[in-house]
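Visitor: The structure is given below, and queries will be raised subsequently.
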Amino acid sequence: MAFAEVHSRVKKRYNLQDNFQSLQGHENLLIQYTEKKISKLRWRPDPKGHSSHENIFATGTWDELHNVVNIWNYEKGRTFREDTHQESALNEPQLITSMHHQGEVTELKFIDDEKLMTSSSNGSLELIQFSRPRQELQSISKWKNIHHFSSNSCPCTGFSVNLPNIITVGEDSRINILKIDVQAPIATIEDNISSCSINAVTCEGISEFITVDSMGRLKVWDLRQPYDKPAKVMVLSGEQTCLQCIDQHPNQPHVAITGSHDGSIIIWDLRQDKYPTVVLKAHMSTVWEVRFHRHFPNNLFTCSDDGSIWHWDGSLITSTNLPTSIRNFSDIEPANATNPWLISDVIRNKIRITSVAPHNKLPINSCDIINQDLICGTDGEAIIIAQDLLLK
Numbered sequence: 007m008a009f010a011e012v013h014s015r016v017k018k019r020y021n022l023q024d025n026f027q028s029l030q031g032h033e034n035l036l037i038q039y040t041e042k043k044i045s046k047l048r049w050r051p052d053p054k055g056h057s058s059h060e061n062i063f064a065t066g067t068w069d070e071l072h073n074v075v076n077i078w079n080y081e082k083g084r085t086f087r088e089d090t091h092q093e094s095a096l097n098e099p100q101l102i103t104s105m106h107h108q109g110e111v112t113e114l115k116f117i118d119d120e121k122l123m124t125s126s127s128n129g130s131l132e133l134i135q136f137s138r139p140r141q142e143l144q145s146i147s148k149w150k151n152i153h154h155f156s157s158n159s160c161p162c163t164g165f166s167v168n169l170p171n172i173i174t175v176g177e178d179s180r181i182n183i184l185k186i187d188v189q190a191p192i193a194t195i196e197d198n199i200s201s202c203s204i205n206a207v208t209c210e211g212i213s214e215f216i217t218v219d220s221m222g223r224l225k226v227w228d229l230r231q232p233y234d235k236p237a238k239v240m241v242l243s244g245e246q247t248c249l250q251c252i253d254q255h256p257n258q259p260h261v262a263i264t265g266s267h268d269g270s271i272i273i274w275d276l277r278q279d280k281y282p283t284v285v286l287k288a289h290m291s292t293v294w295e296v297r298f299h300r301h302f303p304n305n306l307f308t309c310s311d312d313g314s315i316w317h318w319d320g321s322l323i324t325s326t327n328l329p330t331s332i333r334n335f336s337d338i339e340p341a342n343a344t345n346p347w348l349i350s351d352v353i354r355n356k357i358r359i360t361s362v363a364p365h366n367k368l369p370i371n372s373c374d375i376i377n378q379d380l381i382c383g384t385d386g387e388a389i390i391i392a393q394d395l396l397l398k
């Protein structure tokens, strides 16, 4: 099979000291050194369902001789100095436990507050138990070599979980459908016609999921239909651009946002037939992740290989402050009327973009947001934490 170019992270070595010296001194910005490059990181969902001073997050590494999954505890606040009777530096996250990971961590997600799942550059998927009382990680299930070429394994680039289904994608252009209690895939979808790396996947309900690939295609798949072809294919018009990541609006899942290899942010209305609604030239290099805030979906975060992490504040995008000509949505397509994110002119004129770590120069590979606290994983062998972000 012939495969299109795979746009993966380039392994480099950097001058770390010069990079992070410029970030020191930002009042609500914390740098935690890890001694390993961070490929993925995720907050653990709060088991109590509300804000807490104690937050747990997980990190995975890449480009290391021995890659690991780490669990951290971040107790939000500041250190109190007895000598001055004043608060000083932000509290640093504390490493709780660590576990060896076979291959580079290509994706990492909590599926509940006690279990997380990782995918690997060796083509495998692993389910891991996190025991808070014993403060340890334990592998409880593994799907080996589920992504591979004819003679060797290849990276499982991502997965999405909507129990009972687990969907994995890889550089081999395969899609695997798994069940958590079955060791082998229950189905495999192969695109033998236009094979290329599938770079990300997200589930849309129990029966549907969405993939993006290196040929600039967004595909919607329906498990209730035959597996041999997608229910819908949407494409970028013009020059082919690799789509690297995807996230959906948490309240209106027909709104999807993808990040591309050329730094663009692309907004899609999944109710439309073929093309994206808005294409924004944004970052200078590959957008590795796009993340909507789950509870404040007017806020979007994007991180890039160019070292930037941006906060897109869409709180001004409301019907009360739209231009008079479209305030009542009388002059736009009905499909766009329910979500102003889908209106190109409004997005370009009303969005407010803030650089969260403006002086960082090294690639930011991953980001996640919970409450008002943002974490970022970098090639600078460090975690950046920005706390108390202004959200509307």
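Letter by letter, the sequence shown follows residues 7 to 398 in the numbering used here.
Virtual Cβ for every residue (Gly too), placed ideally from N, Cα, C.
(1) Ignore the nearest five residues each way along the sequence and tell me which others in residue 321's own chain have a CB closer than 6 Å to its CB.
(2) Under the three-state reduction of DSSP, which class applies to residue 353: helix, strand or coil?
(3) List the whole-angstrom C-beta distance separating residue 297 from residue 253, where the pair is believed to meet the contact cut-off of C-beta under 8 Å.
(4) Since I believe residue 110 is in contact with residue 68 (beta carbons under 8 Å), could you give me their beta-carbon distance rounded to a whole number of angstroms?
(5) Within 10 Å of its beta-carbon, does residue 393 have 16 or more other beta-carbons around it, so buried, or fewer, so exposed?
(6) Could you tell me how far apart the beta carbons of residue 384 and residue 395 are, in whole angstroms, since I believe they sit closer than 8 Å?
(7) Excluding the 5 residues preceding and the 5 following residue 281 in the sequence, name in chain order all residues of the same chain whose CB lies nearer than 6 Å to its CB.
(8) With a cut-off of 8 Å, do at least 3 Cβ pairs link the region 98 to 113 to the region 124 to 141?
(9) Near residue 331, which residues of its chain fall below 6 Å by C-beta distance, leaving aside the five closest residues on each side in sequence?
(10) Go ahead and label residue 123 buried or exposed: buried means 16 or more other beta carbons lie within 10 angstroms of its beta carbon, across all protein chains shown.
(11) Would you tell me roughly how many angstroms separate the C-alpha atoms of residue 182 and residue 258, rounded to the nearest one?
(12) Assign residue 348 to one of three DSSP states: helix, strand, or coil.
(13) In terms of alpha-carbon separation, which member of 323, 351, 38, 96 lies closest to residue 285?
(14) Rounded to whole angstroms, what's the CA-CA distance from residue 373 to residue 245? Just pull it up for me.
(15) Taking the beta strand (DSSP E) that residue 363 falls in, what are its first and last residues?
(16) Look up residue 221 in the DSSP assignment and say whether it is helix, strand or coil.
(17) Grab me the residues of residue 70's own chain with a C-beta within less than 6 Å of its C-beta, minus the 5 sequence neighbours each way, in chain order.
(18) Do residue 260 and residue 277 have their C-beta atoms closer together than 8 Å?
(19) Return helix, strand or coil for residue 190, following the three-state DSSP convention.
(20) Give the single residue among 149, 157, 126 whose Cα lies nearest to the Cα of residue 187.
(21) What is the DSSP secondary structure of residue 237, counted as helix, strand or coil?
(22) Might you give, ordered along the chain, the residues of its own chain that have their beta carbon closer than 6 Å to the beta carbon of residue 225, omitting 5 neighbours on each side?
(23) Is it right to say residue 46 is buried, meaning 16 or more other beta carbons lie within 10 angstroms of its own, or is it exposed?
(24) Among 359, 295, 35, which residue has its Cα nearest to the Cα of residue 207?
(25) Given a cut-off of 8 Å, decide if residue 318 and residue 272 are closer than it, judged by their beta-carbon atoms.
(26) Take residue 375 as the anchor and find which of 232, 77, 308 has the nearest alpha-carbon.
(27) Given this structure, state the Cα-to-Cα distance separating residue 130 from residue 158, to the nearest angstrom.
(28) The beta strand (DSSP E) spanning residue 317 covers which residue range?
(29) How many whole angstroms separate the CB atoms of residue 390 and residue 49, which I take to be in contact at a CB cut-off of 8 Å?
(30) Would you say residue 233 and residue 190 are within 8 Å of each other, going by their C-beta atoms?
(31) DSSP on residue 109, reduced to helix/strand/coil?
(32) Using the rule of at least 16 other Cβ atoms within 10 Å of the residue's Cβ for burial, across every protein chain shown, is residue 125 buried or exposed?
(33) Put residue 283 into one of helix, strand or coil per three-state DSSP.
(34) Which of helix, strand or coil does DSSP assign to residue 205?
(35) Taking only three categories from DSSP, how would you classify residue 214?
(36) If you check the beta carbons only, do residue 75 and residue 64 fall under 8 Å apart?
Guide: On the basis of the coordinates in this document:
(1) The residue given as residue 321 occupies position 315 in the sequence shown. Excluding positions up to five away in sequence, the list reads 304, 398.
(2) For the purposes of this step, residue 353 is taken as the residue at position 347 of the sequence shown. The answer is helix: DSSP assigns residue 353 an H, G or I state.
(3) For the purposes of this step, residue 297 is taken as the residue at position 291 of the sequence shown. For the purposes of this step, residue 253 is taken as the residue at position 247 of the sequence shown. At roughly 6 Å, the Cβ-Cβ gap stays under 8 Å, so residue 297 and residue 253 are in contact.
(4) Along the sequence shown, one-based indexing puts residue 68 at 62. Along the sequence shown, one-based indexing puts residue 110 at 104. Contact between residue 68 and residue 110 holds, since their C-beta atoms are separated by about 4 Å, short of 8 Å.
(5) In the sequence shown, counting from the first residue as 1, residue 393 sits at position 387. Buried: at least 16 other Cβ atoms inside 10 Å.
(6) By 1-based counting over the sequence shown, the position of residue 384 is 378. By 1-based counting over the sequence shown, the position of residue 395 is 389. No, residue 384 and residue 395 are not in contact; Cβ-Cβ is about 18 Å, not under 8 Å.
(7) Taking the sequence shown and counting its residues from 1, the one referred to as residue 281 is at position 275. Hits under 6 Å: 243.
(8) Touching, yes.
(9) Counted from its first residue, the sequence shown places residue 331 at position 325. Legend: pLDDT at residue 331 = 37, less than 50; position of this residue unreliable, no value from coordinates given.
(10) The sequence position of residue 123 within the sequence shown is 117, counting from 1. Classification of residue 123: buried, given that the 10 Å Cβ count is 16 or more.
(11) For the purposes of this step, residue 182 is identified with residue 176 of the sequence shown, where counting begins at 1. For the purposes of this step, residue 258 is identified with residue 252 of the sequence shown, where counting begins at 1. For residue 182 and residue 258, the distance between alpha carbons rounds to 26 Å.
(12) Reading the sequence shown from its first residue, position 342 is the one you call residue 348. Correct three-state label for residue 348: helix.
(13) Taking the sequence shown and counting its residues from 1, one reaches residue 285 at position 279. With distances taken between Cα atoms, residue 285 lies closest to 351.
(14) Translated into the one-based positions of the sequence shown, residue 373 becomes position 367. Translated into the one-based positions of the sequence shown, residue 245 becomes position 239. When the Cα atoms are used, residue 373 and residue 245 turn out to be separated by approximately 28 Å.
(15) Reading the sequence shown from its first residue, position 357 is the one you call residue 363. Where residue 363 is concerned, there is no enclosing beta strand (DSSP E), given that its DSSP letter is neither H nor E.
(16) Here residue 221 refers to the residue found at position 215 of the sequence shown. Residue 221 carries a coil assignment under DSSP once its states are collapsed to helix, strand and coil.
(17) Residue mapping note: residue 70 aligns to position 64 of the sequence shown, counting from 1. Excluding sequence neighbours, residue 70 sits near 42.
(18) Against the sequence shown, residue 260 aligns to sequence position 254. Against the sequence shown, residue 277 aligns to sequence position 271. Yes; because the gap between Cβ atoms is below 8 Å, this pair is in contact.
(19) For this step, residue 190 is matched to residue 184 along the sequence shown. In the structure shown, residue 190 adopts coil according to DSSP, grouped into three states.
(20) Here the question's residue 187 lines up with position 181 in the sequence shown. The option with the nearest alpha carbon to residue 187 is 149.
(21) As a position in the sequence shown, residue 237 is number 231, starting the count at 1. DSSP places residue 237 outside both helix and strand once states are collapsed to three, so it counts as coil.
(22) Counting from 1 along the sequence shown, the entry for residue 225 is found at position 219. Only 217, 236, 239 meet the Cβ criterion.
(23) Here residue 46 refers to the residue found at position 40 of the sequence shown. The residue in question, residue 46, is buried, as its Cβ has 16 or more Cβ neighbours within 10 Å.
(24) As a position in the sequence shown, residue 207 is number 201, starting the count at 1. It is 295.
(25) Translated into positions along the sequence shown, residue 272 becomes position 266. Translated into positions along the sequence shown, residue 318 becomes position 312. For residue 272 and residue 318, no; Cβs fall outside 8 Å.
(26) Start at 1 with the first residue of the sequence shown, and residue 375 comes out as number 369. Residue 375 has its Cα closest to that of 308, out of 232, 77, 308.
(27) Locating residue 130 in the sequence shown gives position 124, counting from the first residue. Locating residue 158 in the sequence shown gives position 152, counting from the first residue. Rounded to the nearest angstrom, the two C-alpha atoms are 12 Å apart.
(28) For the purposes of this step, residue 317 is taken as residue 311 along the sequence shown, with counting starting at 1. Where residue 317 is concerned, the enclosing beta strand (DSSP E) stretches over 315 to 319.
(29) One-based indexing of the sequence shown puts residue 390 at position 384. One-based indexing of the sequence shown puts residue 49 at position 43. Residue 390 to residue 49, Cβ: 14 Å. No contact.
(30) Residue mapping note: residue 233 aligns to position 227 of the sequence shown, counting from 1. Residue mapping note: residue 190 aligns to position 184 of the sequence shown, counting from 1. No.
(31) Mapped onto the sequence shown, residue 109 falls at position 103. Coil at residue 109, not helix or strand.
(32) Mapped onto the sequence shown, residue 125 falls at position 119. Burial state of residue 125 is buried, judged by a 10 Å Cβ sphere holding 16 or more other Cβ atoms.
(33) For the purposes of this step, residue 283 is taken as the residue at position 277 of the sequence shown. The answer is coil: DSSP assigns residue 283 none of H, G, I, E or B.
(34) On the sequence shown, residue 205 is found 199 positions in, with the first residue counted as 1. Assigned with DSSP and collapsed to three states, residue 205 falls in strand.
(35) Locating residue 214 in the sequence shown gives position 208, where the first residue counts as 1. Residue state, collapsed to three classes: strand.
(36) As a position in the sequence shown, residue 75 is number 69, starting the count at 1. As a position in the sequence shown, residue 64 is number 58, starting the count at 1. Cβ atoms of residue 75 and residue 64: closer than 8 Å.
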